[in-house]
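Notes follow the structure.
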Amino acid sequence: MARNIGADGRRVYRAVIVQTDQRRDGKSGTRYEGPYDSPGAARARVTFWRNYWDAYDDGSSATGHIEQAHTVWTPVDGEQPATPRPTPGPDEPRIVVTVADVEAALRNYLAHLDYDLHKSLASNEESGADTYPDEAADLFDRLAAAAKESDQ
Numbered sequence: 001m002a003r004n005i006g007a008d009g010r011r012v013y014r015a016v017i018v019q020t021d022q023r024r025d026g027k028s029g030t031r032y033e034g035p036y037d038s039p040g041a042a043r044a045r046v047t048f049w050r051n052y053w054d055a056y057d058d059g060s061s062a063t064g065h066i067e068q069a070h071t072v073w074t075p076v077d078g079e080q081p082a083t084p085r086p087t088p089g090p091d092e093p094r095i096v097v098t099v100a101d102v103e104a105a106l107r108n109y110l111a112h113l114d115y116d117l118h119k120s121l122a123s124n125e126e127s128g129a130d131t132y133p134d135e136a137a138d139l140f141d142r143l144a145a146a147a148k149e150s151d152q
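Under the UniProt record's numbering, the first residue of the sequence shown is numbered 1, with each subsequent residue one higher.
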């Protein structure tokens, strides 16, 4: 589940819950829930699972505690933070499609729809050349022309 965790340098909390399910021969398992920005939220999860298993009235149970950590967020593998895209103006295209996008879509589509045609485009029988780039460029030009016509 995605969470909005912006607690850089502050404490975060998680619930550590040990559950014993009598319906499964008394097998126990540990689950971790969080992080949460307050100890109360984590404690509430422990309480929830205690009440949940107590309701079965078959000996199933849950115990738990909360743990805390201090967060320090750093980029992974030297990645730079994403640069937000500017919002396009009212007359600007909202989606930008490139010839490479059309080529990838065409390859995928034909590989599933007509494998023989896909193979003939990927490896021309006479030259052995990959003709997908030319086909994609032609299709891109036809799509762009059709889009311009529909705008007029």
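Think of the CB as a built atom: it goes at the ideal place given N, C-alpha and C, for glycine as much as any other residue.
- Per DSSP, R142 is one residue of the alpha helix (DSSP H) stretching across 132-151.
- Secondary structure of G40 (DSSP, three-state): helix.
- No Cβ-Cβ contact shorter than 8 Å links W49 with G34.
- In the same chain as Y36, and ignoring 5 residues on each side of it, the C-beta atoms closer than 6 Å to its own belong to Y13, A42, in chain order.
- At a Cβ-Cβ threshold of 8 Å, E103 and Y132 count as neighbours.
- Here DSSP, grouped into helix, strand and coil, assigns S120 to helix.
- Listed as beta-bridge partners of D21 by DSSP are K27.
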